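> One structure coming up, written as structure tokens, with questions to follow.
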Ligand SMILES: NC(=O)c1ccc[n+]([C@@H]2O[C@H](COP(=O)([O-])OP(=O)(O)OC[C@H]3O[C@@H](n4cnc5c(N)ncnc54)[C@H](OP(=O)(O)O)[C@@H]3O)[C@@H](O)[C@H]2O)c1
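Numbering (this note's numbering), first residue to last: 60 to 425.
As structure tokens, then:
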């Protein structure tokens, strides 16, 4: 693992700070924005990129993400990528693979992931394989994203001004009509007949990473939970809903809401909610006034923060899909901001509970 010099030392400038060598894992929605952010950040150096899609193999990564050539071809040769001995893999595939992660971690390469990973407890006994791979390789694995991930980091940060914390509530609302990733959305119930009796189980399985986030928040708060439960609601579309790569027929689920609750003595003390809707023909007609997060810590005092986002004036977005890139940027960047801490961490699976707040360095325009 590389030694990273601390930029907080007086007199330190960007030129003296060692860069961290990064391999990017896939270039989908989130991965594309990750590559652009890595290339733009002088503290990070892109040295390789994994392509899951055969059609991307051999193509310059910059071309794949639309920024022009960067001199690095995407490859499916995992051994060659590991031989580069990067400080960290930025892991953004559609689904995590334990086999793939074990191979990376046991090679001594740290991983920051957005692929449905916070604590890894949902993996059951497979999690042990990851821990053992970290021990063998002296590496660390960390998962985040915007939600779950950064939103919970904000929640526990604002709890830092309370002398009493009664309940931590994060509520994500989003119109996901233009988020084109059906394979990650179907497992949560999207597109199913509204009367499918298995919907609650699907929502629980499809949003299970939020249960891991509940456990992480409890860990930061130093609370032992009795149980973590998921409550869900669904809305159907009353007309066929045609989207970029799929259609949800009338009478099928186009709205999914899940509330992941951590309880002690029957009292909910952590409540992580998502409410995702597609289109304008929902029944019931869920109203989502704006996409974003409302984060409340009930206690002494009760504190509320609202996390909204807007593009800067110079942001080039001619299509709604390009505008959607903002959602992918805010998913990718929390993982990138954690890299230095993850590289410096003791081997193992780590969460925000294990390290000091990441510093968003290197992102200011110069
Ligand atoms: N925590 C959060 O805030 C948050 C928010 C959004 C997304 N996410 C997660 O971040 C990850 C990336 O999301 P995304 O929208 O970027 O996904 P995506 O674009 O749908 O897929 C990412 C890439 O995964 C590869 N891929 C395709 N099918 C695959 C499969 N069956 N198994 C493994 N890899 C496959 C492809 O690689 P190529 O590039 O080689 O084609 C694809 O471009 C997902 O796991 C998603 O759930 C987290």
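Just so you know, even glycine gets a beta-carbon here, dropped at the ideal spot from N, CA and C. All of these numbers come straight from a predicted model, not from anything done at the bench.
Output the residues surrounding ligand 1, defined as those with a CB atom closer than 6 Å to any ligand heavy atom, in chain order.
Qualifying residues come out as 85, 86, 87, 88, 89, 90, 110, 111, 112, 115, 151, 152, 153, 154, 173, 174, 175, 204, 205, 206, 207, 208, 240, 243 and 390.
> Identify, in the order they occur along the chain, each residue of the same chain with its Cβ nearer than 7 Å to the Cβ of residue 69, setting aside the five sequence neighbours on each side.
Reliability fails at residue 69, whose pLDDT of 42 lies under 50, so the model's placement of it is uncertain and no value is given.
> What's the C-alpha gap between residue 363 and residue 158?
Using only the alpha carbons, I get a separation of about 41 Å.
> My output table needs one value for residue 126: the three-state DSSP class, helix, strand or coil.
Looking at residue 126 - three-state DSSP - the assignment turns out to be coil, as it is neither helix nor strand.
> Along the chain, which unbroken stretches of the alpha helix (DSSP H) at least 4 residues long are found entirely within the stretch 196-223?
Here the runs fully enclosed are 209-217.
> In the DSSP output, which residue or residues are listed as bridge partners for residue 293?
Paired residues: 315.
> Would you identify the three-state DSSP class for residue 365, choosing helix, strand or coil?
Strand.
> Just confirm the distance between the C-beta atoms of residue 397 and residue 172, as a whole number of angstroms; I'd bet it's less than 8 Å.
So it is not a contact: roughly 10 Å between Cβ atoms.
> DSSP three-state label for residue 252, please.
Residue 252: strand per DSSP, three-state reduction.
> If you draw a straight line from the C-alpha of residue 214 to the C-alpha of residue 356, how long is it?
Approximately 7 Å, taken between the alpha carbons.
> On the three-state DSSP scale, how would you describe residue 411?
Three-state result, residue 411: helix.
> Can you pull the DSSP bridge partners for residue 434?
Here the chain has residues from 60 to 425 only, and residue 434 is not among them.
> Given this structure, state the Cα-to-Cα distance separating residue 235 from residue 351, to the nearest angstrom.
Roughly 11 Å separates the two Cα atoms.
> Is it right to say residue 402 is buried, meaning 16 or more other beta carbons lie within 10 angstroms of its own, or is it exposed?
Burial call: buried.
> Looking at C-alpha atoms only, which residue of 119, 149, 247 and 98 is the closest neighbour of residue 316?
Among 119, 149, 247 and 98, the Cα nearest to that of residue 316 is on 247.
> Quick check on this structure: which residue in 366, 367 and 383 has the alpha carbon closest to the alpha carbon of residue 374?
Checked all of 366, 367 and 383; the closest Cα to residue 374 is 383.
> Measuring straight from C-alpha to C-alpha, what distance separates residue 331 and residue 415?
Straight-line Cα distance between these residues: approximately 22 Å.
> Could you check what DSSP says for residue 346 in three-state terms: helix, strand or coil?
The answer is coil: DSSP assigns residue 346 none of H, G, I, E or B.
> Report back the beta-carbon spacing between residue 335 and residue 272 to the nearest angstrom; my notes put them in contact at under 8 Å.
About 16 Å; that fails the 8 Å criterion.
> Is the beta carbon of residue 195 closer than 7 Å to that of residue 244?
For residue 244 and residue 195, no; Cβs fall outside 7 Å.
> Comparing alpha-carbon positions, which option in 240, 279, 108 and 177 lies nearest residue 227?
The shortest Cα separation from residue 227 among 240, 279, 108 and 177 belongs to 279.
> Using 7 Å as the threshold, is the C-beta distance between residue 176 and residue 202 below it?
Contact: yes.
> Taking the C-alpha atoms as reference points, what is the distance between residue 260 and residue 128?
About 45 Å.
> From 310, 85 and 230, pick the residue whose C-alpha is nearest to that of residue 249; which is it?
With distances taken between Cα atoms, residue 249 lies closest to 310.
> My assumption, with CB atoms under 8 Å, is that residue 385 sits in contact with residue 210. Please give the rounded CB distance.
So it is not a contact: roughly 15 Å between Cβ atoms.
> In angstroms, rounded to a whole number, what distance separates the CA positions of residue 96 and residue 193?
Their Cα atoms are separated by approximately 27 Å.
> Compare the Cα-Cα distances from residue 341 to each of 200, 318, 126 and 312 and report the closest residue.
When only C-alpha atoms are compared, the closest one is 312.
> On the three-state DSSP scale, how would you describe residue 375?
Residue 375: coil per DSSP, three-state reduction.
> Alpha carbon to alpha carbon, how far is residue 118 from residue 292? Give it in angstroms, no decimals.
Approximately 43 Å between the Cα atoms of the pair.
> What are the start and end residues of the beta strand (DSSP E) that includes residue 169?
Counting along the chain, the beta strand (DSSP E) containing residue 169 begins and ends at 169-172.
> Report, in whole angstroms, the separation of the C-beta atoms of residue 152 and residue 174, which I expect to be a contact under 8 Å.
Confirmed, Cβ separation roughly 5 Å.
> Starting from the C-beta of residue 379, find all residues in its chain whose C-beta is less than 6 Å away, skip the five residues before and the five after it, and write them out in chain order.
Closer than 6 Å at Cβ, skipping near neighbours: 237.
> Quick check: what's the CA-CA separation for residue 200 versus residue 147?
Cα to Cα, the separation comes out at about 9 Å.
> Quick check on residue 245: does DSSP put it in helix, strand or coil?
DSSP places residue 245 in helix when its eight states are reduced to three.
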